[in-house]
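Visitor:
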Amino acid sequence: MSRLKSSTAPSDPQRRSVLRQGGLLLVAVGTAAMVPTQADAALLSKASVQYQDRPHGGQHCSDCAYFIPGTDAKANGSCRLVAGSIDPNGWCERFAS
Ligand code: SF4
């Protein structure tokens with residue numbers, strides 16, 4: 003019985019340190035997996051911000067601080083606040099210059 007304990011229980015400091023570091027790594031990986039990505043529900047829905055695919059007055063998404071341009075000036079991009087494809091000529095009530 004005591005032989006089994008000595009073979010499975012960490013007995014020397016180096017071995018304990020390796021096991022402790024492995025445990026910390028597992029916790030870190032598990033925590034990172036739980037952090038939501040931008041594709042998750044962290045972004046607002048278009049409906050909740052009154053998004054429209056046309057300008058509002060002189061304001062449009064391509065001039066907004068939250069706009070992420072697409073492949074060219076006319077292509078849809080994305081938004082740091084609002085989910086989905088965003089028209090550069092669109093607008094929502096979260097517009098920020
Ligand atoms: S916050 Fe609104 S106006 Fe600004 S880029 Fe996003 S959708 Fe367009």
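Going by the numbering used here, the sequence shown opens with residue 3, and the numbers climb by one from there.
Ideal Cβ positions, reconstructed from N, Cα and C, are used throughout, including at glycine.
These figures come from a predicted structure and were not determined experimentally.
(1) Mark I70 as exposed unless 16 or more other C-beta atoms lie within 10 angstroms of its C-beta, in which case mark it buried.
(2) Which word fits D74, buried or exposed, when buried means at least 16 other C-beta atoms lie within 10 angstroms of its C-beta?
(3) Where P90 and S47 are concerned, what is the direct C-alpha to C-alpha distance, given to the nearest angstrom?
(4) Can you tell me whether C81 is helix, strand or coil according to DSSP?
(5) What does the alpha-carbon distance come out to for the pair N78 and A67?
(6) If you draw a straight line from the C-alpha of C81 to the C-alpha of Q16, how long is it?
(7) Looking only at DSSP bridge pairs, what is H58 linked to?
(8) Would you decide whether A85 is buried or exposed? Buried here means 16 or more other CB atoms lie within 10 Å of its CB.
(9) For E95, which option in S64, I88, Q54 has the closest C-alpha, if you only look at C-alpha atoms?
Guide: Checking against the coordinates, here is how it stands:
(1) Classification for I70: exposed.
(2) Its Cβ having fewer than 16 others within 10 Å, D74 is exposed.
(3) Roughly 17 Å separates the two Cα atoms.
(4) Strand at C81.
(5) If I take the Cα positions, the gap works out to 15 Å.
(6) Going from the Cα of C81 to the Cα of Q16 covers about 49 Å.
(7) Its beta-bridge partners are Q61.
(8) A85 should be labelled buried.
(9) The residue among S64, I88, Q54 with its C-alpha nearest the C-alpha of E95 is Q54.
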